[in-house]
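Take any residue in the sequence shown, note its place counting from 1, add 1, and you have its number in the numbering used here.
Read through the structure below, which is laid out as structure tokens, and then see the notes.
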Amino acid sequence: VNSPPASIGLSLELVDTPALLVDLDALDENIRRMAQAASSYGVRLRPHAKTHKSPLIALRQIAHGAVGVCCQKVGEAEVMALGGVMDILIANEIWGASKLARLAALALQVKIAVCVDDAQNVADLSAAAEAYDANIEVLVDINVIGDIRTGVEPGESALRLASKVASCPGLHFAGLHAYAGKAQHIRDYSTRQSVIKHAVELVATTRNLLEQQGLQCPWITGSGTGTYRLEASSGVYTELQAGSYIFMDADYGQNLAADGGPYRDFENSLFVYSTIMSRPTADSAVLDAGLKSSSFDSGPPHICGLPDVEWVGGGDEHFNVRTPGARFPYALGDKVRLIPGHCDPTVNMHDWYVGVRNERVEAIWPVAARGCSR
Ligand SMILES: Cc1ncc(COP(=O)(O)O)c(C=O)c1O
2 VNSPPASIGL SLELVDTPAL LVDLDALDEN IRRMAQAASS YGVRLRPHAK THKSPLIALR
62 QIAHGAVGVC CQKVGEAEVM ALGGVMDILI ANEIWGASKL ARLAALALQV KIAVCVDDAQ
122 NVADLSAAAE AYDANIEVLV DINVIGDIRT GVEPGESALR LASKVASCPG LHFAGLHAYA
182 GKAQHIRDYS TRQSVIKHAV ELVATTRNLL EQQGLQCPWI TGSGTGTYRL EASSGVYTEL
242 QAGSYIFMDA DYGQNLAADG GPYRDFENSL FVYSTIMSRP TADSAVLDAG LKSSSFDSGP
302 PHICGLPDVE WVGGGDEHFN VRTPGARFPY ALGDKVRLIP GHCDPTVNMH DWYVGVRNER
362 VEAIWPVAAR GCSR
């Protein structure tokens with residue numbers, strides 16, 4: 002295993018680079034704010050752990066009132082359970098005999114729930130649960146965004162699948178999963194609001210249909226960092242599964258708030274720490290953190306304190322930037338903080354978090370579920 006880029010007590014400027022930094026004050030503040038928001042709306046909070054992949058961070062969220070976590074993969078759930086998280090929702094569909102066996106075995110150790118959108122998958126899940134004498138909570142995943150993504154159509158299709166779940170041994174039908182993924186990053190608040198309003202209507206109609214047929218839906222879960230207040234105040238959703246709020250990223254930094262100003266509900270707490278390793282010209286620099294240290298799927302990272310810097314290229318281990326018309330303000334060997342374009346895949350590129358408070362290293366945490374994509 003890669004050794005950590007720092008040790009406890011080191012001052013920030015001595016942390017080796019590239020390193021995944023977490024500002025612990027900002028992290029704790031974000032955890033507190035989301036927990037407070039969920040409690041003020043009277044909904045449960047089950048943060049998505051695919052963002053941080055760390056049971057230590059999950060337990061910090063749970064200590065502030067979260068009921069458990071979401072995971073996307075069985076491997077992530079196994080790591081969370083090993084780290085002491087006792088209540089896990091796989092907010093995703095799981096296919097394949099070996100994964101279903103692992104899921105059923107895990108359900109003997111901790112509370113497990115999973116999403117479904119297919120009758121054969123329900124039958125396979127039930128067979129796995131029976132083989133292990135396990136009990137698995139099941140949510141019917143409905144597609145409320147109308148895009149190509151997981152989930153059955155709201156309404157009759159959901160009713161058919163929920164009835165199937167309810168008839169299967171080893172499974173307990175618990176409610177609906179309705180995650181409006183595409184809505185999270187719609188920049189304009191009122192468009193985001195109207196997409197969620199439509200989603201909430203679909204969820205409510207589906208819930209009512211199921212309940213009229215005797216299939217109670219006490220658990221309705223979804224939502225993310227961009228829309229959490231909308232689902233929380235809907236009177237329909239009972240649980241939020243936002244993830245990115247603990248770290249934020251450059252992509253979420255482009256969302257707008259209701260007043261048209263920047264979306265500032267949470268603070269940036271995640272950074273890639275990087276060294277200026279070359280200065281080709283007065284207005285340019287090469288940093289030592291490239292595609293293997295920060296994800297570019299939502300655009301390049303931002304350099305803290307340099308809003309006008311232009312990304313001009315780079316590669317696996319380089320990030321090349323320019324400040325057109327101005328001198329690049331850092332010298333060779335200086336270190337800067339990058340705000341990643343997208344927090345989740347960036348975290349998955351690192352073995353260690355370096356937790357920093359007051360410019361000093363306070364925690365070294367493994368990214369324990371790094372690479373757990375099975
Ligand atoms: C099913 C599901 N729920 C919740 C989330 C969390 O969303 P965010 O990280 O934007 O808060 C995601 C993220 O992609 C997701 O796929």
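The beta carbon of each residue, even a glycine, is placed where N, CA and C say it ideally should be.
All values derive from a computational prediction rather than experimental measurement.
**Report entry** For A98, three-class secondary structure by DSSP
**Finding:** Locating residue 98 in the sequence shown gives position 97, counting from the first residue. It is helical.
Query raised in the report: Counting along the chain, where does the alpha helix (DSSP H) carrying Y229 start and finish?
Result: Walking along the sequence shown from the start, residue 229 turns up at place 228. Unbroken alpha helix (DSSP H) run through Y229: 229-233.
Query raised in the report: If you count every other CB in all the chains shown that lies within 10 Å of the CB of S279, and 16 or more means buried, which is it?
Result: Along the sequence shown, read from residue 1 onward, the residue named residue 279 stands at position 278. With fewer than 16 other Cβ atoms within 10 Å, it is exposed.
Requested in this report: Under 8 Å Cβ to Cβ from P219, same chain only, skipping five residues before and after it: list those, please.
Outcome: Here residue 219 is taken as the residue at index 218 of the sequence shown, counted from 1. So the list reads A175, G176, T239, once near-sequence residues are dropped.
Query - Cα-Cα separation, Q185 to G261 - result: As a working mapping, residue 185 is identified with position 184 in the sequence shown. As a working mapping, residue 261 is identified with position 260 in the sequence shown. In a straight line, the C-alpha of Q185 is about 16 Å away from that of G261.
**Report entry** CB of L162 within 8 Å of CB of A129, strictly
**Finding:** As a first step, residue 162 must be located in the sequence shown, where it is residue number 161. As a first step, residue 129 must be located in the sequence shown, where it is residue number 128. No. Outside cutoff.
Query raised in the report: If you draw a straight line from the C-alpha of A370 to the C-alpha of I32, how long is it?
Result: Translated into the one-based positions of the sequence shown, residue 370 becomes position 369. Translated into the one-based positions of the sequence shown, residue 32 becomes position 31. Using only the alpha carbons, I get a separation of about 20 Å.
Query raised in the report: Nearest to T282 by alpha carbon, out of A259, F248, G326, A290?
Result: What you label residue 282 is simply residue 281 of the sequence shown in a count that begins at 1. Checked all of A259, F248, G326, A290; the closest Cα to T282 is G326.
Requested in this report: Grab me the residues of S299's own chain with a C-beta within less than 6 Å of its C-beta, minus the 5 sequence neighbours each way, in chain order.
Outcome: Stepping through the sequence shown from its first residue, residue 299 is reached at position 298. Around S299: D252, G342, H343.
Query raised in the report: Just the residues with CB closer than 5 Å to a heavy atom of ligand 1, in chain order, which are they?
Result: H49, A92, Y180, Q185, G225, T226, Q242, A243, G244, S245
**Report entry** Start-end ranges of the beta strand (DSSP E) lying completely within the stretch 285-345, minimum 3 residues
**Finding:** 285-288, 311-315, 320-323, 336-340
Query - Segment limits, beta strand (DSSP E) that includes A364 - result: Position 363 of the sequence shown, counted from the start, is the residue given in the question as residue 364. Counting along the chain, the beta strand (DSSP E) containing A364 begins and ends at 361-367.
Requested in this report: Starting from A114, follow its DSSP beta bridges and name the residues at the other end.
Outcome: By 1-based counting over the sequence shown, the position of residue 114 is 113. In DSSP, A114 forms a bridge with L90, E138.
Requested in this report: Use the C-beta contact count for Q217: other C-beta atoms within 10 angstroms, 16 or more gives buried, fewer gives exposed.
Outcome: Here residue 217 corresponds to residue number 216 of the sequence shown, with the count starting at 1. When all chains shown are included, Q217 counts as exposed.
Query raised in the report: From L11 to L21, what does the alpha carbon distance come to, in whole angstroms?
Result: Locating residue 11 in the sequence shown gives position 10, where the first residue counts as 1. Locating residue 21 in the sequence shown gives position 20, where the first residue counts as 1. C-alpha separation (whole angstroms): 15 Å.
Query raised in the report: Fully enclosed by the stretch 138-196, which beta strand (DSSP E) runs are 3 residues long or longer?
Result: 172-178
Query raised in the report: Rounded to the nearest angstrom, how far is the Cβ of R338 from that of Y274, given a contact under 8 Å?
Result: By one-based count along the sequence shown, residue 338 stands at place 337. By one-based count along the sequence shown, residue 274 stands at place 273. Contact holds; Cβ gap of about 6 Å.
Query raised in the report: For the candidate residues D250, S235, Q110, G291, whose alpha-carbon lies nearest to that of V44?
Result: Position 43 of the sequence shown, counted from the start, is the residue given in the question as residue 44. Among D250, S235, Q110, G291, the Cα nearest to that of V44 is on S235.
Requested in this report: Would you mind reading off the limits of the alpha helix (DSSP H) that contains G76?
Outcome: For the purposes of this step, residue 76 is taken as residue 75 along the sequence shown, with counting starting at 1. Where G76 is concerned, the enclosing alpha helix (DSSP H) stretches over 75-83.
Requested in this report: Taking L60 as part of the beta strand (DSSP E), name the residues at either end of that continuous run.
Outcome: On the sequence shown, residue 60 is found 59 positions in, with the first residue counted as 1. Note, L60: premise wrong, no beta strand (DSSP E); alpha helix (DSSP H) at 56-64.
**Report entry** From A243, P330, E363, V313, residue whose alpha carbon lies closest to that of Q73
**Finding:** If you number the sequence shown from 1, residue 73 lands on position 72. Answer by Cα proximity: A243.
Requested in this report: Measure the beta-carbon distance from E232 to S224 and round it to whole angstroms, keeping in mind my assumption that it falls under 8 Å.
Outcome: In the sequence shown, the residue the question calls residue 232 occupies position 231. In the sequence shown, the residue the question calls residue 224 occupies position 223. About 4 Å; that satisfies the 8 Å criterion.
Query raised in the report: Taking Cβ positions, are I89 and G69 nearer each other than 8 Å?
Result: Mapped onto the sequence shown, residue 89 falls at position 88. Mapped onto the sequence shown, residue 69 falls at position 68. Yes; because the gap between Cβ atoms is below 8 Å, this pair is in contact.
Query raised in the report: Closest to G372 by CA distance: which of H351, N359, R358 is it?
Result: Translated into the one-based positions of the sequence shown, residue 372 becomes position 371. Among H351, N359, R358, the Cα nearest to that of G372 is on H351.
Query raised in the report: Enumerated in chain order, which unbroken segments of the beta strand (DSSP E) with a length of 3 residues or greater are wholly contained in the stretch 17-41?
Result: 20-24
**Report entry** Neighbourhood of K51 by C-beta distance below 7 Å, restricted to the same chain and skipping five residues each side
**Finding:** Here residue 51 refers to the residue found at position 50 of the sequence shown. If we look at K51 and ignore the five residues flanking it on each side, its Cβ neighbours are C72, Q73, E77, G244, D345.
Query - DSSP three-state assignment for G254, whether helix, strand or coil - result: As a position in the sequence shown, residue 254 is number 253, starting the count at 1. It is helical.
Report task. Report the residue from A106, A64, L60, A179 whose alpha carbon sits nearest the alpha carbon of E79. Result -> Locating residue 79 in the sequence shown gives position 78, counting from the first residue. Answer by Cα proximity: A106.
Query - Inter-stretch contact (C-beta, 8 Å, three-pair minimum) for the stretch 362-369 and the stretch 52-65 - result: yes
Report task. Apply the 10 Å Cβ neighbour rule to H303 and answer buried if 16 or more other Cβ atoms are within range, or exposed otherwise. Result -> The residue labelled residue 303 in the question sits at position 302 within the sequence shown. Classification for H303: buried.
Query - Of the listed residues S195, R375, I365, nearest to S4 (C-alpha basis) - result: In the sequence shown, the residue the question calls residue 4 occupies position 3. Minimum Cα distance to S4 is reached at I365.
Query raised in the report: Would you call the CB atoms of C169 and A132 closer than 8 Å?
Result: What you label residue 169 is simply residue 168 of the sequence shown in a count that begins at 1. What you label residue 132 is simply residue 131 of the sequence shown in a count that begins at 1. No; because the gap between Cβ atoms is not below 8 Å, this pair is not in contact.
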